[in-house]
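Each residue of the sequence shown is one higher than the one before, starting from 3 at the first, in our numbering. All C-beta atoms in this analysis are idealised placements derived from N, C-alpha and C, irrespective of residue type, glycine included. Down below is the structure, laid out as structure tokens.
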Amino acid sequence: MNEKNFAVKDNGLKIAALRLGVIQLAEMLGNVSEACRQSGMDRANFYIWKRRFQIHGIEGLKNRSTAHLTHPQKTSREMEEKIIKLSLQYSNWGCVRLSGFLKQQGVYVSSPTIQKILIRHNLGRKCQRLHKTKQN
3 MNEKNFAVKD
13 NGLKIAALRL
23 GVIQLAEMLG
33 NVSEACRQSG
43 MDRANFYIWK
53 RRFQIHGIEG
63 LKNRSTAHLT
73 HPQKTSREME
83 EKIIKLSLQY
93 SNWGCVRLSG
103 FLKQQGVYVS
113 SPTIQKILIR
123 HNLGRKCQRL
133 HKTKQN
């Protein structure tokens with residue numbers, strides 16, 4: 003594990019520990035408002051963190067990623083396989099020509115998307131596609 007990743011994980015634990023400290027302070031004082039005042043936390047946020055702690059434990063007090071788990075416009079696996087098959091079948095064609103061919107078939111996939119798919123499968127360059135077809 004490199005130092006940068008360790009620092010990020012360590013920072014997540016520190017933040018969780020601080021939030022847990024405010025929750026414990028509120029329980030000790032018996033007064034949420036006073037605990038929030040002393041720690042500089044908004045009461046609305048306190049209740050969010052308290053609920054997350056009750057549900058998820060210490061993990062619930064860490065910052066969550068804001069990245070979406072899925073992308074609504076992601077190219078389907080079937081379409082990716084079709085693009086790869088076409089690129090190997092017509093290995094001299096580039097992404098613009100493949101995009102035009104698919105458009106004639108009623109399927110719109112932009113040429114940059116096709117290029118990204120080909121690069122992801124190590125088929126981004128013509129020589130890579132030709133080499134792959136010779137292997138099969």
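If you follow the alpha helix (DSSP H) that residue i is part of, which residue opens it and which one closes it?
i      : result
MET81  : 79-91
TYR107 : The question names Tyr, but residue 107 is Gln in the sequence shown. Segment: none, GLN107 is in no alpha helix (DSSP H) and carries neither H nor E.
VAL34  : 34-41
ALA46  : 45-58
THR135 : 128-137
LEU120 : 113-122
Round the Cβ separation of residue i and residue j to the nearest angstrom and send it over; I've been treating them as touching at under 8 Å.
i     : j     : result
TRP51 : ILE25 : 7 Å
Quiz item: Would the segment 53-71 and the segment 13-31 be scored as touching if the rule is three or more Cβ pairs under 8 Å?
Solution: Yes, the segment 53-71 touches the segment 13-31.
Practice problem: Could you tell me whether the segment 52-61 touches the segment 16-36, where touching means 3 or more Cβ pairs closer than 8 Å? | Solution: Contact holds: three or more Cβ-Cβ distances are below 8 Å.
Quiz item: Is the segment 114-122 close to the segment 97-105, with three or more CB pairs under 8 Å?
Solution: Counting C-beta pairs closer than 8 Å gives three or more between the segment 114-122 and the segment 97-105, which meets the contact rule.
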